[in-house]
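Participant: Before anything else, here's the structure in question.
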Amino acid sequence: MKKIWLSTLLKFYAYVMVVILTIMGLVVAGISWKNQQAEADRIAQRVLTEVVTDLEASYQRVTQEGRSLVENPAKLEGVYRYFTLSPSEYETWRLNAQFPSYIQLSLHKNIDSLYLSNKNIEGIDVTLSDYKTVFVSTRQSKGGKQVSADHYKAPVTAIPVPLTDPTTGAGVGIAYMTLDQEILTAAIDNARGDLPIAVRIFTPFGKEMYHEGDKGQSKDVKWQTRSTIYGYKVDVAVSESYLVKMGLANLTTFLSIAFLIFLILYLLLGQIFKNYRRQVLDLVDTMNLISQGDSERRIDTSTKDQELLVIGNMINTMLDNMDKNIRDIYQLQLSQKDANMRALQAQINPHFMYNTLEFIRMYAVMQEQDELGDIIYEFSSLLRNNISDERVTTVENELEFCRKYSYLCMVRYPKSIAYGFKIDPGLEKMKIPKFTIQPLVENYFAHGVDHKRRDNVISVKVLQGEGQVIILVSDNGRGMEEEQLEKIQEILANRNPRSEIEEKSGRQSIGIVNVHERMLLYFGDRYHIQVFSQPHHGVTYTITIQDE
70 MKKIWLSTLL KFYAYVMVVI LTIMGLVVAG ISWKNQQAEA DRIAQRVLTE
120 VVTDLEASYQ RVTQEGRSLV ENPAKLEGVY RYFTLSPSEY ETWRLNAQFP
170 SYIQLSLHKN IDSLYLSNKN IEGIDVTLSD YKTVFVSTRQ SKGGKQVSAD
220 HYKAPVTAIP VPLTDPTTGA GVGIAYMTLD QEILTAAIDN ARGDLPIAVR
270 IFTPFGKEMY HEGDKGQSKD VKWQTRSTIY GYKVDVAVSE SYLVKMGLAN
320 LTTFLSIAFL IFLILYLLLG QIFKNYRRQV LDLVDTMNLI SQGDSERRID
370 TSTKDQELLV IGNMINTMLD NMDKNIRDIY QLQLSQKDAN MRALQAQINP
420 HFMYNTLEFI RMYAVMQEQD ELGDIIYEFS SLLRNNISDE RVTTVENELE
470 FCRKYSYLCM VRYPKSIAYG FKIDPGLEKM KIPKFTIQPL VENYFAHGVD
520 HKRRDNVISV KVLQGEGQVI ILVSDNGRGM EEEQLEKIQE ILANRNPRSE
570 IEEKSGRQSI GIVNVHERML LYFGDRYHIQ VFSQPHHGVT YTITIQDE
């Protein structure tokens, strides 16, 4: 490996990255400035919408509340009496008026009620047509007072609410409802966040009733305007100078970051490249030693970083797998030789065996030993099925095999053992691995039969459940001790390959292990098995196979 080439390549890469970062900083700064403009426009639109919505809602509410002052003839009469009578006469009239008691006639109390119900009202003024006085009140002075109509000037921030006669619909006056400007300020602050923004609101008559922000900003802003359904105009804008200032600040920040990255790369990449080069050389040297025959050597991953760490781990894993495969192949070769030897030992012609059994059966029949002939026939069928090299069978054939096996076992104890088999309709042709139920039946006859009893029984049922097939193998035999049951349950809970299961199983459990392994390989996660037992109360195997 050329030392200069690696160093030159890595340094060139570092300078290219610095240039790219600088260009990216400029591009990102430009994009950021455009995004800021777009965001400012979105915020301005949001503020505009918030202000218009709140203004329309406030207008609608105070209009409804103002009209409630004369919503029925009784209240309208109370307003007229307030303006025409002296205070004492007004109180006397209010006490003697023949109106329902639930109607509040007092103008003062009705106005006080409006202040209580709407915290955003700062003032309520009431004027009647052709009357010389005006009722003026504020939140601080709810009782109010009457002032001369000639000297009265409605507040700019007040919303005029026409008052009409509820009977004739004719106009009788105007209620000026002054809003607290804080409601608009709060709506603006809620929508704009930290962005400085200018807001103006004009009445339907063109008078400015609200202004938020520095009035000097009006010279360099582009106003966004929207009118309410009631004729109020709302202007919102963001200062262009503020946006330019923020854009320059972002540009300065990005350029500073790019320059800082350049310095960091210039100072640190030399050391990083040196460390990288050392790791590559160590990797190459180790591979050379392995290629020369040192198969036990492995790459030291403790000194590797990033992609070299990944490469080192992968090479070590590959070498470990190669060693494992070599050992596995060697073991397979030994197993194959052992299997060949056993096959040579078992090379007896099956036809010779069947013909011999058939000769014995026919001889028994000729000697009128029919029961012996039946036994030999069942044994011959059992042997033929046992030697068959088929790996998969049907539920019907497997249970028939179990029946023959049970029959041969029962012959020894005809009066103390019984058996039964059941298959739900439609499950007869279901495919299962061969010899997966018979070993469980064999376990019963080998270890479970209580020869002191005369009611020994084993049953095998294949049932159709909801979304699954259930195979129940149960007996009333000697059962299992708790320690043995826990051991078998641990084996059946293990879903590892056979080699790992056999390490935990004893000789007596090898049949169950064989069933568990082949059902697991055939059905996968669809298969589950459980075993339940108590001493002297038999054993129950429950096999469930989920539908596909």
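Residues are numbered in this note's numbering as their position in the sequence shown, beginning at 1, plus a constant of 69.
Glycine is no exception: its CB is placed at the ideal position from the N, C-alpha and C atoms.
In this text, all values refer to a predicted model and were calculated from it rather than measured experimentally.
Given this structure, state the Cα-to-Cα distance separating Ala256 from Arg295, to the nearest angstrom.
Facilitator: Going from the Cα of Ala256 to the Cα of Arg295 covers about 16 angstroms.
Participant: Look at the alpha carbon of Ser485 and the alpha carbon of Asp524, and state the distance between them as a whole number of angstroms.
Facilitator: If you take the alpha carbons of Ser485 and Asp524, they lie about 6 angstroms apart.
Participant: Can you name the start and end residues of the beta strand (DSSP E) that Leu532 belongs to?
Facilitator: Asn525 to Gln533 is the extent of the beta strand (DSSP E) around Leu532.
Participant: Would you mind stating whether Val608 and Gly548 have Cβ atoms separated by less than 7 angstroms?
Facilitator: In contact: Val608 and Gly548 (Cβ atoms closer than 7 angstroms).
Participant: On the three-pair Cβ rule with 8 angstroms, is the stretch 155 to 165 touching the stretch 116 to 126?
Facilitator: Output reads no: the stretch 116 to 126 does not touch the stretch 155 to 165.
Participant: Using the three-state DSSP reduction, which class does Glu559 fall into: helix, strand or coil?
Facilitator: Glu559 falls in the helix class under three-state DSSP.
Participant: Using three-state DSSP, classify Pro235 as helix, strand or coil.
Facilitator: Three-state result, Pro235: coil.
Participant: Figure out for me which residue from Asn319, Leu138 and Tyr596 has the closest Cα to the Cα of Gln105.
Facilitator: For Gln105, the nearest C-alpha among the options comes from Asn319.
Participant: Residue ranges of each alpha helix (DSSP H) run of no fewer than 4 residues wholly in the stretch 139 to 201, ordered along the chain?
Facilitator: Here the runs fully enclosed are 142 to 153, 156 to 165 and 176 to 186.
Participant: Using three-state DSSP, classify Gly607 as helix, strand or coil.
Facilitator: Correct three-state label for Gly607: coil.
Participant: Using the rule of at least 16 other Cβ atoms within 10 Å of the residue's Cβ for burial, across every protein chain shown, is Ile398 buried or exposed?
Facilitator: Ile398 should be labelled exposed.
Participant: Kindly identify the DSSP beta-bridge partner or partners of Thr294.
Facilitator: Its beta-bridge partners are Asp304.
Participant: Rounded C-beta distance between Ile180 and Gly147? I'm assuming under 8 angstroms.
Facilitator: 11 angstroms between Cβ atoms; not a contact.
Participant: Against chain C, with Cβ distances strictly below 7 angstroms, would Leu561 count as a contact?
Facilitator: In the displayed structure, chain C is absent; only one protein chain is listed.
Participant: Looking at the secondary structure, which residues open and close the beta strand (DSSP E) in which Asp258 lies?
Facilitator: Where Asp258 is concerned, there is no enclosing beta strand (DSSP E), although the alpha helix (DSSP H) it sits in stretches over Glu251 to Arg261.
Participant: Quick check on the DSSP output: the beta strand (DSSP E) that includes Pro502 runs from which residue to which?
Facilitator: Start and end: Lys500 to Pro502.
Participant: Where do the ends of the beta strand (DSSP E) carrying Glu277 lie?
Facilitator: Here the beta strand (DSSP E) through Glu277 covers Glu277 to Glu281.
Participant: Determine whether the beta carbon atoms of Asp544 and Ile527 lie at a separation below 7 angstroms.
Facilitator: Contact flag set, yes.
Participant: Assuming Ile377 and Gln348 are in contact, meaning their beta carbons sit under 8 angstroms apart, how far apart are those beta carbons, in whole angstroms?
Facilitator: For the sequence presented, residue 377 should be read as Leu rather than Ile. Indeed, because the Cβ distance is near 5 angstroms, the residues count as touching under 8 angstroms.
Participant: Using a threshold of 7 angstroms, state whether the C-beta atoms of Leu620 and Asp493 are closer than that.
Facilitator: There is simply no residue 620 to check, as the chain begins at 70 and stops at 617 in what is shown.
Participant: Using only CA atoms, which one of Ala239, Ile228, Thr237 and Ala260 lies nearest to Thr45?
Facilitator: Since the first residue of the chain shown is 70 and the last is 617, residue 45 is not available in this structure.
Participant: For Ile266, is the classification buried or exposed, using 16 other Cβ atoms within 10 angstroms of its Cβ as the cut-off for buried?
Facilitator: Under this definition Ile266 is a buried residue.
Participant: For the alpha helix (DSSP H) holding Phe470, just list the boundary residues, first then last.
Facilitator: Element bounds for Phe470: Val464 to Arg481.
Participant: Alpha carbon to alpha carbon, how far is Asn259 from Ile252?
Facilitator: Between Asn259 and Ile252, the C-alpha separation is close to 11 angstroms.
Participant: Taking the alpha helix (DSSP H) that Leu496 falls in, what are its first and last residues?
Facilitator: Careful: Leu496 lies outside any alpha helix (DSSP H) and carries neither H nor E.
Participant: Taking Phe328 as the reference, give the member of Phe81, His516, Val87 and Gln400 with the closest Cα.
Facilitator: Per the Cα distances, Val87.
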